[in-house]
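S.K.: Top line first, the protein sequences correspond to chains F and H. Per numbering that gives the first Met the number 0, the first sequence runs over residues 0 to 1003. Per numbering that gives the first Met the number 0, the second sequence runs over residues 0 to 188. First the structure, which I've put down as structure tokens, then a few questions once you've had a look.
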Amino acid sequence: MSTRLATQGRLVNRDKAVRFSFNSAPMTGYEGDTLASALLANDQMLVGRSFKYHRPRGIVAAGPEEPNALVNLGVEGKFEPNQRATTTELFEGLLATSQNHWPSLEFDVGAINAKLSRFMPAGFYYKMFIHPRPLWKHVYEPFIRQAAGLGQAPKGRDWDTYEHLYAFCDVLVVGGGIAGLQAARSAAQSGAQVLVLEQTAHWGGRAPVDGGTVDGKPVDKFVEELVADLAELPNVTLRARTMGAGVYDHGYVLGYERLTDHTPDMDGPRHRLWRIRAGHIITATGAIERPLSFAGNDIPGVMLAASVRDYAINYGVSAGDRTVVVTNNDDAYRTALVLKNVGLEVPAILDARVLPVDSPLMAEAKAAGIRVMMGHGVAKVQGAKRVTGVSVCAQAGEGATVEEIACDVVAMSGGWSPVVHLWSHCGGKLFWDADWAMFRPDVDKAPIGADGSPFVSPAGSANGHFGLTEILGDAHAMGRAAARATGFTPKKTNAPDGVCLDEAPMAPVWLMPQGAGRDLRAKAWLDYQNDVKVSDVQLAAQEGFESVEHAKRYTTLGMATDQGKLSNINGLAILSDALNQPIPQTGTTTFRPPYTPISMGAIGGEARGDVFQPIRRTPMHDWHDANGADWEPVGHWRRPYAYVRSGESVHDAVMRETKNVRENLGLLDASTLGKLIVKGPDAGRFLDMLYTNMMSTLKPGKCRYGLMCGENGFLIDDGVVARIDEDTFLCHTTTGGAERIHAHMEEWLQTEWWDWQVYVANVTEQYAQVAVVGPNARKALEALGGMDVSKDALGFMGWADGTLGGFAVRAYRISFSGELSYEIAVRASEGQAFWDALMKVGTDLGVMPYGTEALHILRAEKGFIMIGDETDGTVIPQDLGLHWALSKKKDDYLGKRAHLRSHMADPARWKLVGLESTDGSTLPDGAYAVAEGTNANGQRNMQGRVTSSYHSPNLNKGIAMGLVLHGPDRMGEVLEFPGTDGTTYKAKIVSPVFYDPDGEKQNV
Amino acid sequence: MSKAVTALNGVRFTDGIADVAELPMQGMITLRGDLSMAVLKKAVKSNTGLAVPDQGQVAQDGAFAVAWMSPDEVLILCPYGDVQGIIAKLDKALIKAHVLAVDVSDARALFQIAGVHARAVMAKLAPVDVSERSFQPGMFRRTRMAQTAAAFWIADTDTFHIICFRSQARYMFDLLCVAAQKGSEVGRF
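The structure is reproduced here in structure tokens:
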């Protein structure tokens, strides 16, 4: 059983017990524990079930490479699935539950899949579910979706907050192990700004566990002093609990800081995403131990050798009483020695190598009385939910058992792989080091920055260096080089002098025993989480999936949440062997960010709740909100769709508002309409090019409605242009169009007509604008008083500056409703006060505010088009019967040439008409009018579509506009519009102007 | 009597790691033109007492400031009540030149973030190196803060002034409050 030791545990505080629960069982750990170490201390080795076969899964590792110990953490708004127990710091009250089993972790019905595993090899789903075709959609996929996924999806809203942080530095060091710290110091001595990120809460990495001396001091003492030194330097920032997640172009790096995961009750954001620009990046990301592939290597109790040692030294936890060590290298001997020293049994070290001379570590183990069996390995592990023993065999053979050894832990080591992920993210290349059987960074093929020079350097074991001397030497050199690369002069210093025992060469072992038969290979796991075994990868190769990327996807090797940290190299070694080619020829799969999963919350940062989007509010927004506004998003603006009174539906409100405008007085907040000032000697000429109609002939004091096309001839915007003076125009745009049209104008001015003297300024938000509309509009303004708004003084399509009710205003006599209408612009800061004044004088005049839907109905009654309804980016003015707005006097304007293209001039283009339902009902918006026959694809032919459709309370019937083939020539014809509700709507083609066709009402 | 009110009526937040406040109405004039013209420089100087600043800089003195916005644009900050008068004087002085002077005071909102953690709060929102070593008094930056356009400068020690569009004043204020929330100190800057 696993338990807490009486000694060791340099990271835990035995004076402070921490209570937590796993699957509702109360447990106790110590402050400083990880969830994994605390679980082991409570003899909880079994922590989950695998994805495909639901095999029992135990803790394998002690760090971010852990594939098995993923748990659901927390409840309600703190709930999060797939949390790695090895990187979760224990806190008081932590609640964890295991994943992917039913009904319980101990007894899982899904484990039947394991019995059927013979019939579910790699590619099973592809082979099984492809026929018959229709079953995929209706039977197989729903079933697989049901079975898929490890943890549960959170149901509640996240209670935590998150944030981003933009950070800049000269040298960024990813990894706070001994290499990262040394590199940071060597770089910082030059004066460069250095930022160091460490994913755990502790500095020094593996060094304090693995031992050795530096400059004559124990390595842990050296680390302590080094950290203290760095903390003193003003140009160094140290961040623990912050993982370097990804390296991107131009020295951009994402760091993932976990602020309160270990103390969830603390104030402040839970995670912080660092968005770092670094001059140079050092990846001191360490190395990950590889498992060995032998039968039963997935049984709980089989662990990585160095992790067994980590649990003992760092947390004072023994993974079991009797540990068999199986290895192909010297490092695992350290584990045997550590266990022996704390009084645990190590019945044997099975070393697949046959060394001519005992290495120093081997000699030490033998001296400690540990039995070393050279040339031996594990034939298979005994046990089901926990290791009970191993069958020992000769590594060179086929697995005949020479001896059985009882044990409850198997500590395996298949060698080490440098963590090359961050080096590789931006294109750093790797080479195969045959001596240590590992891919390591090829420093001559580094990621290249904009200036053509490398911007990432690896250091320490991440660079393939093992042994303190080499690691410190490499880190020192890389730190100095990084300082130089960022324009600083490194100090002339020597690397500290590290001393540790020499290690004998390792021997690559990709399968144990070497001649393992099919039965053993089918039980030798590569990917624990996704249940990929040696036999699966071999099958993939046999079936022709020769590329490592194809084999990965076919077998799902490395596609689990650990992204192949343990399985990658072992898997591609097996693939290479099956393809009979050297490992470098097979290559690796692509390393992509993030290094380990980061929270969605951190990615979103502050953008949630009130600040999810930058909502734009007019000066009268709060009034609208307090007066029943049913909001409609228009661009980033929020506009009232209608003002709903109590006891009224939204539709009722729209009908009421629409009628009231025609009968009494309506107020519309039109502040969102774009307002662009265009000024300069060439302003008239410029607008003549931008609008299809003539603007240069407009007189100061007058307004003109204009259309704007892109250079391809399609309508992009419309609005009223007012000429302010000889040199100055004010162009109104649609609500969503202000920024877009401003940019459009600037683009033409800056790229094509750069020699024209025109300046544009966007003054949209300088003004609050109120449309005062209806038969009583003039009376309302006269009640405010201050300027002459009579027909003679301010005629239709005129504007004037003046005062109304003491407000400085600009009054435009324009109408989008067909009623007597003014749009009054006041300073934004006075917008609400002006609105209040209008509401006050309007009391006796039947005033009601109206929203965007009433605006739409009013304009549709008049047959006025709306950009975005009648246009969709494929519509030209001619389609909408707007020929009158296409100037024939001008040589050119944007879109003119495009309109001459054969397709644009095609008489068969659908044209705007009015549509009136034969029974008074409202046509479905967007519905298509069907024609006889079918097209080449066997689809029903179409002859038109509805672009706007409303119920008009003024006409008391459904009215619509649409684009119809030869529409204007077919007045009176009835078209059929099948709806999505199964009924077919019928509508007659009519003029689009339903109301006051002569325009008498607006011109009074 | 002016009925002018700011977008958020001078709202404040003092419950975080830095103090956030909306400042009173501020006069702002966009002046576009050839910034190298002597007549323009002179007109700016005579109306504000300040020289046209270099790229990325702001000249400030008392109630006036001139900020570099683009190669052909400066932003003049002045008392709100002086705007119309200054525009008239600029138009008169520059009548023969091709320029555009326009009142944008009401189109903007102005915020202040103050305290020893002000730089950290800015660094959470703007993709700008706001460390003391890089961002110093006299500098002016047009950029974005989270999802909205913004411009800012250091008005005083540990005090940033931020300009944004008036329609996004509420967003900006909420954003600053979130970024300044309790317990969110960064410990760097």
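Glycine residues also receive a C-beta, built at the ideal position from the N, C-alpha and C atoms. Note that the coordinates shown come from a computational prediction; the quantities given were computed from them, not determined experimentally.
#1: Does D105 of chain H have its Cβ less than 9 angstroms from a Cβ in chain F?
#2: Go ahead and pull the three-state DSSP assignment for L69 of chain F.
#3: Using Cβ-Cβ distances below 8 angstroms, what residues of the region 79-109 of chain H are close to chain F?
#4: Among the candidates H:G15, H:L30, H:R11, whose CA atom is the shortest distance from the CA of E267 of chain H?
#5: Taking the alpha carbon of S49 of chain F as the point to measure from, which residue in F:A113, F:R9, F:E64 has its own alpha carbon closest?
#6: Taking C-alpha atoms, which residue in F:L962, F:A935, F:P923, F:I988 lies nearest to G981 of chain F?
#7: Going along the chain, which residues of its own chain have a beta-carbon closer than 8 angstroms to the beta-carbon of K701 of chain F, five neighbours each way excluded?
#8: Should L819 of chain F and G773 of chain F be called a contact, given that it needs their Cβ atoms to be closer than 9 angstroms?
#9: Measure from the C-beta of Q240 of chain H to each C-beta in chain F and report whether the shortest distance is under 9 angstroms.
#10: So, does the region 104-120 of chain H touch the region 147-158 of chain H, judging by three or more C-beta pairs under 8 angstroms?
#11: Hey, quick one: how far does the beta strand (DSSP E) through G417 of chain F stretch, first residue to last?
#12: What does G70 of chain H reach in chain F if we use C-beta pairs closer than 9 angstroms?
#13: Return the first residue and the last residue of the alpha helix (DSSP H) that W834 of chain F is part of.
#14: Across which residues does DSSP place E256 of chain F in a beta bridge pair?
#15: Pick from F:S423, F:A494, F:A506: whose alpha carbon is nearest that of D330 of chain F?
#16: Tell me where the alpha helix (DSSP H) around K114 of chain F begins and ends.
#17: Since A606 of chain F meets chain H, which of its residues come closer than 8 angstroms, beta carbon to beta carbon?
#18: Buried or exposed for M0 of chain H, going by 16 or more other Cβ atoms inside 10 Å?
#19: Within the same chain, show all residues whose beta-carbon is closer than 6 angstroms to that of G472 of chain F, passing over the 5 residues directly before and after it, in chain order.
#20: Assuming contact is defined by CB atoms lying nearer than 9 angstroms, are V850 of chain F and E631 of chain F in contact in what I supplied?
#21: Secondary structure at M0 of chain H, three-state DSSP: helix, strand or coil?
#22: Of all the options F:P80, F:A95, F:T27, F:Y314, which has the alpha carbon lying nearest to the alpha carbon of T6 of chain F?
#23: Strictly by DSSP, which residues pair up with E631 of chain F?
#24: DSSP three-state label for S423 of chain F, please.
#25: Beta strand (DSSP E) containing K985 of chain F: first to last residue?
#26: Do you know how far the Cα of M0 of chain F is from the Cα of D407 of chain F?
#27: Residues in the same chain with beta-carbon distance under 6 angstroms from S886 of chain F, minus the five sequence neighbours each way, listed in chain order, please.
#28: Can you list, in chain order, the residues of the region 733-766 of chain F whose Cβ is nearer than 9 angstroms to any Cβ on chain H?
#29: By the three-class DSSP mapping on this structure, what secondary structure does I614 of chain F have?
#30: With DSSP collapsed to three states, give me the class of P593 of chain F.
#31: Comparing the C-beta of G8 of chain F with each C-beta of chain H, is any distance below 9 angstroms?
#32: In terms of residue numbering, what span does the alpha helix (DSSP H) encompassing H882 of chain F cover?
#33: Is V10 of chain H helix, strand or coil when you go by DSSP?
#34: Look up G250 of chain F in the DSSP assignment and say whether it is helix, strand or coil.
#35: In chain F, which residues lie less than 7 angstroms from M24 of chain H when you measure between Cβ atoms?
#36: Does DSSP put K379 of chain F in a helix, in a strand, or in coil?
M.R.: According to the structure shown:
#1: Numbered from 1 along the second sequence, position 106 holds the residue referred to as residue 105 of chain H. Yes, its Cβ sits closer than 9 angstroms to a Cβ of chain F.
#2: Counted from its first residue, the first sequence places residue 69 of chain F at position 70. Looking at L69 of chain F - three-state DSSP - the assignment turns out to be strand.
#3: The residues in question are H97, V98, L99, V101, D102, V103, S104, D105, A106, R107.
#4: Nothing about residue 267 of chain H can be reported from this structure: the residues present for chain H run from 0 to 188 only.
#5: In the first sequence, counting from the first residue as 1, residue 49 of chain F sits at position 50. Of the listed residues, the one whose Cα sits closest to S49 of chain F is F:A113.
#6: The residue you call residue 981 of chain F lines up with position 982 of the first sequence. Closest by alpha carbon: F:P923.
#7: Within the first sequence, numbered from 1, the residue matching residue 701 of chain F stands at position 702. Excluding sequence neighbours, K701 of chain F sits near A721, R722, M796, G797, W798.
#8: Translated into positions along the first sequence, residue 819 of chain F becomes position 820. Translated into positions along the first sequence, residue 773 of chain F becomes position 774. Yes, these two residues count as a Cβ contact at 9 angstroms.
#9: The first residue shown for chain H is 0 and the last is 188, placing residue 240 of chain H beyond what the model contains.
#10: In short, these stretches touch, since the Cβ pair count reaches three.
#11: Here residue 417 of chain F refers to the residue found at position 418 when the first sequence is read from its first residue. Looking at the sequence itself, residue 417 of chain F is Pro, so the reference to Gly does not match. First-last of the beta strand (DSSP E) with P417 of chain F: 415-417.
#12: Stepping through the second sequence from its first residue, residue 70 of chain H is reached at position 71. Note on residue identity: the sequence assigns Pro, not Gly, to residue 70 of chain H. The premise fails here: P70 of chain H is roughly 11 angstroms from chain F at the closest Cβ pair, so nothing lies under 9 angstroms.
#13: By 1-based counting over the first sequence, the position of residue 834 of chain F is 835. That run of the alpha helix (DSSP H) goes 830-841.
#14: By 1-based counting over the first sequence, the position of residue 256 of chain F is 257. Note: E256 of chain F sits in a beta bridge opposite F:T241, F:R271.
#15: Within the first sequence, numbered from 1, the residue matching residue 330 of chain F stands at position 331. Out of F:S423, F:A494, F:A506, F:A506 has the C-alpha closest to the C-alpha of D330 of chain F.
#16: Residue 114 of chain F sits at position 115 when you count from the first residue of the first sequence. For K114 of chain F, the enclosing alpha helix (DSSP H) stretches over residues 111-114.
#17: Along the first sequence, read from residue 1 onward, the residue named residue 606 of chain F stands at position 607. Within chain H, the residues near A606 of chain F are A145, Q146.
#18: The count along the second sequence starts at 1 and reaches residue 0 of chain H at position 1. Residue placement at M0 of chain H cannot be trusted, given a pLDDT of 44 that sits under 50; what the coordinates show is reported in the next sentence. Exposed, since its Cβ has fewer than 16 Cβ neighbours within 10 Å.
#19: Counted from its first residue, the first sequence places residue 472 of chain F at position 473. Cβ within range, chain order: A494.
#20: On the first sequence, residue 850 of chain F is found 851 positions in, with the first residue counted as 1. On the first sequence, residue 631 of chain F is found 632 positions in, with the first residue counted as 1. Rather than Val, the amino acid found at residue 850 of chain F in this sequence is Gly. The Cβ atoms of G850 of chain F and E631 of chain F lie closer than 9 angstroms to each other.
#21: Residue numbering aside, residue 0 of chain H sits at position 1 when the second sequence is read from its first letter. Any answer about M0 of chain H is weak, because its pLDDT of 44 lies below 50 and its placement is not dependable; what the coordinates show is given next. Note: M0 of chain H maps to coil in three-state DSSP.
#22: Within the first sequence, residue 6 of chain F is the residue found at index 7, counting from 1. Of the listed residues, the one whose Cα sits closest to T6 of chain F is F:Y314.
#23: As a working note, residue 631 of chain F is residue 632 in the first sequence. E631 of chain F is bridged by DSSP to F:R638.
#24: Position 424 of the first sequence, counted from the first residue, corresponds to residue 423 of chain F. For S423 of chain F, the secondary structure class from DSSP, reduced to helix, strand or coil, is helix.
#25: Position 986 of the first sequence, counting from 1, holds the residue named residue 985 of chain F. It spans 983-989 - the beta strand (DSSP E) in which K985 of chain F sits, taken as one unbroken run.
#26: For this step, residue 407 of chain F is matched to residue 408 along the first sequence. For this step, residue 0 of chain F is matched to residue 1 along the first sequence. The straight-line gap from Cα to Cα measures roughly 7 angstroms.
#27: To locate residue 886 of chain F, count along the first sequence from 1; it is residue 887. If we look at S886 of chain F and ignore the five residues flanking it on each side, its Cβ neighbours are N692, M693.
#28: So the close ones are Q756, V757, Y758, V759, A760, N761, V762, T763, E764, Q765, Y766.
#29: Indexing the first sequence from 1 puts residue 614 of chain F at position 615. Three-state result, I614 of chain F: coil.
#30: Numbered from 1 along the first sequence, position 594 holds the residue referred to as residue 593 of chain F. Coil, per DSSP.
#31: Start at 1 with the first residue of the first sequence, and residue 8 of chain F comes out as number 9. No, because no Cβ of chain H sits closer than 9 angstroms to the Cβ of G8 of chain F.
#32: What you label residue 882 of chain F is simply residue 883 of the first sequence in a count that begins at 1. H882 of chain F -> no alpha helix (DSSP H), and no H or E assigned at all.
#33: By one-based count along the second sequence, residue 10 of chain H stands at place 11. Coil.
#34: What you label residue 250 of chain F is simply residue 251 of the first sequence in a count that begins at 1. The answer is helix: DSSP assigns G250 of chain F an H, G or I state.
#35: As a first step, residue 24 of chain H is located in the second sequence; it is residue number 25 there, counting from the start. Within 7 angstroms Cβ-Cβ: S828.
#36: For the purposes of this step, residue 379 of chain F is taken as the residue at position 380 of the first sequence. In the three-state scheme derived from DSSP, where H, G and I count as helix and E and B as strand, K379 of chain F is classed as strand.
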